[in-house]
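Trainee: The structure's right below; bear with me while I get my questions together.
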Amino acid sequence: MQMQFEVQGMDFNRAGEAAAKIKKALQMVGMEVHTVRRAVIVAYEAELNIVIHARRGTLTAHVYPDRVEIEALDEGPGIPDITLAMQEGYSTAPPHIREMGFGAGMGLPNINRCSDKLQIDSAVNKGTHVKSIIFNQASGE
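Heads up, the sequence shown is in my numbering, so the first residue is 1035 and it goes up one at a time.
This is the structure we're talking about:
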């Protein structure tokens, strides 16, 4: 199964909708609770990164019996230093975004923590591609 969602930059009214739909679909197909939780965190953080930082992008979930793959592809400023961006608390979100309670610098670290495999490709002034793989397994396996 594949689900794809268009995400618009700065559309905070719809932020999280794609992640919520992915959660419902994963529950309906019987994914393990631990897998659903991790996949939804990845999807939500990736979706918010598009809303906060990019002009627009897509969030795609590929669902297989043994895994979930979440991909975010955006048209945004890109990430000049991925290693730095992976540090907890590092954020390039502007002050007005932080005042709304977003941009705490936990998005990529949370995606990394919840992923079994993670690949990030980014080009400055072009955009970013994030691909996360979460294997379908119960907690503790």
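Don't be surprised by glycine CBs; every beta carbon is placed ideally from N, CA and C.
If you reduce the DSSP assignment to three classes, tell me which class R1048 lands in.
Mentor: Note: R1048 maps to coil in three-state DSSP.
Trainee: Considering A1073, what are the terminal residues of the alpha helix (DSSP H) in which it resides?
Mentor: Segment V1067 to H1087, the alpha helix (DSSP H) holding A1073.
Trainee: Quick one, which of A1049, A1127, G1161 and R1101 has its alpha-carbon nearest P1137's?
Mentor: Rather than Pro, the amino acid found at residue 1137 in this sequence is Gly. Among A1049, A1127, G1161 and R1101, the Cα nearest to that of G1137 is on A1127.
Trainee: Judging by CA-CA distance, which residue of I1168, A1053 and R1090 is the nearest neighbour of E1103?
Mentor: With distances taken between Cα atoms, E1103 lies closest to I1168.
Trainee: Return the chain-ordered list of same chain residues with a C-beta closer than 6 Å to the C-beta of H1096, the five sequence neighbours on each side being excluded.
Mentor: So the list reads Q1036 and E1103, once near-sequence residues are dropped.
Trainee: Taking the runs of the beta strand (DSSP E) that are 3 residues or longer, which of them lie wholly in the segment 1110-1158?
Mentor: Within the segment 1110-1158, the complete beta strand (DSSP E) runs of at least 3 residues are 1151-1157.
Trainee: DSSP three-state label for K1057, please.
Mentor: If DSSP states are grouped into helix, strand and coil, K1057 belongs with the helices.
Trainee: With DSSP collapsed to three states, give me the class of M1062.
Mentor: M1062 falls in the helix class under three-state DSSP.
Trainee: Going by other Cβ atoms of all chains shown within 10 Å of its Cβ, with 16 needed for buried, is N1170 buried or exposed?
Mentor: N1170 should be labelled buried.
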